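Using this note's numbering, you'd call the opening residue of the sequence shown number 5 and step up by one each time.
Reviewing the structure listed below.
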Amino acid sequence: NGISDPQTIKTGETLKVVNGPFMALISLDKSRLTLMVNGCYAGRFTIGMGRDYPLREGQYAVVDKVVNPTYRGLDRAIDADDPNNPLGNFGIVLADGIMIHGHGTQVPINDPRGSIRLSARDAEDIHDILSEGSTVKIRR
């Protein structure tokens with residue numbers, strides 16, 4: 005929940021809990037990911053698109069969520085702890101090699117490697133929000 009120290013929550017404090025399931029709509033033409041919950045808008049994030057795996061329109065399910073993913077590009081692999089790893093610290097794996105991911109601290113956001121790129125902070129948030137089985141729709 006982004007709470008670094010749970011001891012800071014005070015008795016009687018109001019917490020907001022949003023029940024899922026969440027889904028993501030990815031617009032390739034508008035370069036954005038829109039988060040939805042129960043058919044209602046829940047947030048919008050700017051994305052970049054890599055060229056490693058073709059992004060085809062369709063409906064996908066989240067098949068895995070990974071922390072510190074290893075980059076497996078078409079020509080080489082880059083370890084998770086390498087600052088040149090374009091996937092960042094959080095990855096959401098879809099079918100066909102497609103991954104929603106952040107960018108490493110030293111890798112520019114317009115790096116063509118990877119699939120669907122978010123800022124590092126947004127990737128962490130989306131990783132926390134979407135669950136295995138969540139729907140991700142990709143469209144033009």
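Every residue, glycine too, gets a C-beta built ideally from N, C-alpha and C.
Computed from a prediction, not measured in an experiment: that's the story for all the values here.
| Counting Cβ pairs closer than 8 Å, one from the region 33-45 and one from the region 76-84, do we hit at least three? | Fewer than three pairs of CB atoms, one per stretch, sit closer than 8 Å, so the region 33-45 makes no contact with the region 76-84.
- [ ] Using the Cα positions of Val22 and Ile51, report the straight-line distance between them to the nearest angstrom.
- [x] The sequence position of residue 22 within the sequence shown is 18, counting from 1. The sequence position of residue 51 within the sequence shown is 47, counting from 1. Distance from the CA atom of Val22 to the CA atom of Ile51, rounded to whole angstroms, is 24 Å.
- Message: Assuming Met53 and Ile130 are in contact, meaning their beta carbons sit under 8 Å apart, how far apart are those beta carbons, in whole angstroms?
- Response: Taking the sequence shown and counting its residues from 1, the one referred to as residue 53 is at position 49. Taking the sequence shown and counting its residues from 1, the one referred to as residue 130 is at position 126. Rounded, the Cβ-Cβ distance is 15 Å, inconsistent with contact.
- Task: Report the option in Met40, Ile13 and Pro116 whose CA atom is closest to the CA atom of Gly24.
- Result: What you label residue 24 is simply residue 20 of the sequence shown in a count that begins at 1. Taking each of Met40, Ile13 and Pro116 in turn and checking the Cα distance to Gly24, the smallest one comes out for Met40.
Provide the residue span of the beta strand (DSSP E) that contains Ile96, from first to last.
-> Taking the first residue of the sequence shown as 1, we reach residue 96 at position 92. If you look at Ile96, you'll find it in the beta strand (DSSP E) that goes Phe94 to Val97.
Alpha carbon to alpha carbon, what distance is there between Ile30 and Val140?
Reading the sequence shown from its first residue, position 136 is the one you call residue 140. Reading the sequence shown from its first residue, position 26 is the one you call residue 30. Taking the straight line joining both Cα atoms gives about 7 Å.
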